[in-house]
Amino acid sequence: MPAKKKILTCTIVLGFGICGAFSPVRAEEVANFDMEQIIVTADAEKSAEQSESSIVSTKIVKPGKATNVSDLLTDLVGVDIVRRAIVGDNQDTVKLRGFDGSRFMVLIDGRPVNSAGVVGGCYVDWGTFPLDNVDKIEVIRGPKSAVYGNTLGGVINIITKQGGTKPYTSLQTMWGSKNLERYQFEHSGKQGNLSYVITAGKDKRDAYLRNNYFDSENYSLKTTYSFPTKEELTVGIQSTRTKRGYIMSNRQSQDPDNPLYYEPIDPDYPVADGESIPLGGPPVCSPNSRAYADKTKTYYDISYRKPTRDGFWKLQWFKNKEDRKDYNYSAADAGKLIFDRKTGTDRSQGWALQQVKNIGSHKLTYGWEHRDIGYGDIINNYIDPALMAYAYPNELSSEKMDVEGAYLQDEYQANPKLTYLFGLRYDKYEGRSDRDPNVKMRPIDGSAFSPKFEVSYQFDPQTVGYLSVNRGYRVPTLPEFYWWSEGYMKNYPDIKLKAEDARFYEIGLKKKISDKTNYRISGYYSEIGDYIFNNFKSAGSTNQYMIYNIDKAKIWGFEADGEHKLRDNLTVFANYTYQKTKKQGDRYDTFQLSDELDYHPRNKVNVGFRYTTANNTQIAMSARYVGEQKTIYRYTKNGGVANKLVSLPDYTTVNVSASRMINKNTEVSLFIDNIFNKGYSETFGYPMEGRTYGVSCKYQF
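Under the working numbering, the residue at position 6 of the sequence shown is numbered 13, and the numbers go up by one with no gaps.
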């Protein structure tokens with residue numbers, strides 16, 4: 008029997024074989040059977056009590072050392088973290104069910120925040136989601152809901168805080184290894200019908216990798232006006248400015264077959280690969296000492312929500328604005344500026360209209376949404392005259408994409424135990440040239456209907472089993488569109504770039520055995536047709552991206568997640584993820600190095616405990632095991648590009664933290680990560696830090 012069929016068969020036996028039919032449950036609990044939520048709070052015990060009656064998988068976390076949302080996702084089942092550094096990494100660092108940031112949707116209060124991803128940008132910049140303003144995080148794995156389009160891996164919805172009736176203020180500081188400093192401020196309250204939340208923060212840390220220092224500032228303001236007729240108007244702004252040093256190579260050779268590859272240039276830093284400043288030749292864009300990026304990302308939001316007799320409707324408008332300034336200095340004279348450029352890396356905006364109606368046993372959700380995905384101009388403010396030939400010229404935005412969708416979803420409770428979800432989504436996209444007259448993009452467009460179906464059965468008030476069959480649809484990103492049109496594939500005008508078309512199947516069980524024990528198991532299989540793949544084509548000394556569709560990619564696996572309260576003050580948890588991938592029909596893969604996708608560990612395990620002492624000190628310890636990973640490593644060799652299949656060894660890290668309320672207003676915390684100083688890498692060529700530590704103090708009133 009094939010492996011993927013064994014996984015699904017085992018899941019059925021383990022899940023439905025142990026259950027029978029019991030008493031009914033409230034409909035609103037059934038609706039959330041496949042969602043996992045993380046509640047971010049300082050009062051974990053109170054939040055745990057509030058969540059006990061829900062069938063939703065709920066994890067209570069204290070922000071602790073975490074700097075952004077991705078830090079809280081590390082221990083979740085089905086989530087991979089692929090970083091080059093603990094802080095200050097500007098690439099996409101989170102995968103959901105094996106899909107990178109371009110293939111799952113990240114939302115803030117229900118609106119998409121995925122970026123354009125152009126000119127060295129990333130699709131999801133987790134550094135722009137500071138925890139000061141986060142109330143909880145909802146995670147849905149897979150494209151199960153018709154409400155969310157352009158996603159294969161699922162949805163991560165970050166829900167921000169609302170102002171309460173009582174004023175609340177908190178101040179927090181933290182100090183740690185590598186001169187870590189953090190300062191956070193939060194204030195919320197309500198004046199009449201107007202509630203508000205204000206946050207501000209600053210983080211800074213010295214470099215672990217050569218030149219990769221980090222300095223960040225953020226602020227947010229969210230106001231909600233409640234009308235006497237119960238309508239709500241919410242206006243919000245959230246902005247983060249990040250200054251990070253570009254990682255400089257610390258290898259004497261870039262060829263892993265050369266012994267000098269393992270020798271440092273600067274012995275004060277670990278041996279590691281570097282990175283390039285986007286766009287341009289090596290003399291300009293190979294970072295030297297003091298080279299850095301100064302990026303500002305701002306989210307603007309307006310929403311209006313009106314309750315109706317049988318539900319509500321909601322209208323949202325949102326906009327992203329991101330600008331990045333790149334600076335490089337002379338290798339011979341660190342005080343001499345040789346390069347200064349500003350790029351408008353994201354100018355996306357959109358709107359969404361949604362209505363929810365409850366009609367008898369049916370909960371209908373339908374709506375329409377539109378996104379304009381684009382970016383700004385590339386402007387060189389200064390280039391050393393001697394290096395002008397290596398610089399990328401000024402350029403207006405060359406391409407843009409319009410993406411829109413409509414959906415209808417019916418959640419139908421056939422009886423107190425049986426619930427069906429039927430959905431149909433229509434997505435349409437169009438990519439074309441933008442304002443630069445010198446760049447003529449080959450236009451692309453497409454559309455598709457995506458049906459959704461799920462059935463869940465409530466065996467008893469604490470147990471639910473479910474079966475899900477869905478179609479997913481994911482349109483090309485702006486970088487994929489550009490490199491297909493203007494890169495190496497420009498030589499093949501008959502080869503079109505198509506959207507990814509996927510089929511998903513999942514079966515699972517969630518059970519709360521008692522107030523002390525709950526678990527979840529699931530098996531899934533996904534097959535992605537026309538999977539968009541990127542490769543390098545070496546033509547002499549010119550390296551060009553190849554972006555094209557391969558026939559298909561497959562991702563399948565098994566997940567198990569459980570928690571048990573040994574005593575009222577001691578809880579243990581564990582989860583396990585098995586995942587396997589395969590790609591087929593890559594007609595341009597002349598190297599034939601691997602038939603799997605990059606950075607997909609076969610096995611992952613998280614275990615840990617949370618303990619509260621008699622004097623109300625909260626202690627937490629967790630261990631994380633990640634199995635061997637493989638990737639194709641591309642490097643410079645003899646003036647061209649070479650490719651080599653490499654492996655990242657498996658590893659286990661152990662973290663511990665403790666916090667205590669010393670009075671009703673003041674909390675002190677301590678954390679030690681990687682306490683056994685384990686050497687490991689999440690991205691090939693970039694060693695992660697060993698033991699790190701920090702202490703913090705929070706005062707709230």
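We put the CB at the ideal spot given by N, CA and C, even for glycine. Given the structure is predicted, the values throughout are model-derived calculations rather than measurements.
For residue i, list the residues DSSP reports as bridge partners.
| i | result |
| --- | --- |
| residue 236 | Residue 236 pairs with nothing; no bridge assigned. |
| residue 433 | 413 and 456 |
| residue 380 | 408 |
| residue 394 | Residue 394 is not bridged to any residue. |
| residue 540 | 555 |
| residue 198 | 201 |
| residue 464 | 425 and 472 |
| residue 513 | 475 and 531 |
| residue 588 | 562 |
| residue 577 | 574 and 618 |
| residue 119 | 114 |
Do residue j and residue i have their beta-carbon atoms positioned less than 7 Å apart in this structure?
| i | j | result |
| --- | --- | --- |
| residue 457 | residue 481 | no |
| residue 505 | residue 467 | no |
| residue 240 | residue 336 | no |
| residue 724 | residue 570 | Residue coverage of the chain in this structure runs from 8 to 708, which leaves residue 724 outside it and unanswerable. |
| residue 259 | residue 270 | yes |
| residue 471 | residue 424 | no |
| residue 254 | residue 282 | yes |
| residue 131 | residue 99 | yes |
| residue 438 | residue 488 | yes |
| residue 657 | residue 635 | yes |
| residue 151 | residue 475 | yes |
| residue 290 | residue 428 | no |
| residue 208 | residue 139 | yes |
| residue 184 | residue 700 | yes |
| residue 619 | residue 576 | yes |
| residue 275 | residue 257 | no |
Among the options, which has the Cα closest to the Cα of residue i?
| i | options | result |
| --- | --- | --- |
| residue 665 | 612, 702, 139 and 241 | 702 |
| residue 445 | 403, 610 and 407 | 403 |
| residue 377 | 155, 471 and 660 | 155 |
| residue 485 | 417, 633, 399 and 352 | 352 |
| residue 212 | 345, 687 and 92 | 92 |
| residue 374 | 688, 416, 230 and 146 | 416 |
| residue 678 | 114, 640, 629 and 652 | 629 |
| residue 175 | 672, 688, 700 and 696 | 672 |
| residue 252 | 298, 109 and 137 | 298 |
| residue 168 | 361, 527 and 204 | 204 |
| residue 675 | 147, 120, 180 and 306 | 180 |
| residue 433 | 110, 309, 455 and 340 | 455 |
| residue 581 | 625, 527 and 187 | 527 |
| residue 294 | 218, 596, 613 and 331 | 218 |
| residue 383 | 194, 124 and 105 | 124 |
| residue 5 | 426, 420, 372 and 128 | Only positions 8 to 708 of the chain appear in the structure, and residue 5 is not among them; the question remains open. |
| residue 708 | 44, 177, 303 and 622 | 177 |
Could you check how far apart the C-beta atoms of residue i and residue j are, in whole angstroms? I think they sit under 8 Å.
| i | j | result |
| --- | --- | --- |
| residue 539 | residue 507 | 6 Å |
| residue 201 | residue 232 | 5 Å |
| residue 216 | residue 640 | Wrong, their Cβ atoms sit about 17 Å apart, outside the cutoff. |
| residue 385 | residue 401 | 6 Å |
| residue 149 | residue 513 | 6 Å |
| residue 318 | residue 363 | 4 Å |
| residue 638 | residue 648 | Contact doesn't hold; Cβ gap of about 15 Å is too wide. |
| residue 490 | residue 535 | No, residue 490 and residue 535 are not in contact; Cβ-Cβ is about 19 Å, not under 8 Å. |
Using three-state DSSP, classify residue i as helix, strand or coil.
| i | result |
| --- | --- |
| residue 126 | coil |
| residue 488 | helix |
| residue 60 | With a pLDDT of 30 at residue 60, under the threshold of 50, the modelled position of this residue cannot be trusted; read the value that follows with caution. Of the three classes helix, strand and coil, the one that applies to residue 60 here is coil, per DSSP. |
| residue 508 | strand |
| residue 320 | strand |
| residue 85 | coil |
| residue 138 | helix |
| residue 474 | strand |
| residue 628 | strand |
| residue 608 | coil |
| residue 495 | helix |
| residue 521 | coil |
| residue 293 | coil |
| residue 103 | strand |
| residue 283 | coil |
| residue 698 | coil |
| residue 638 | strand |
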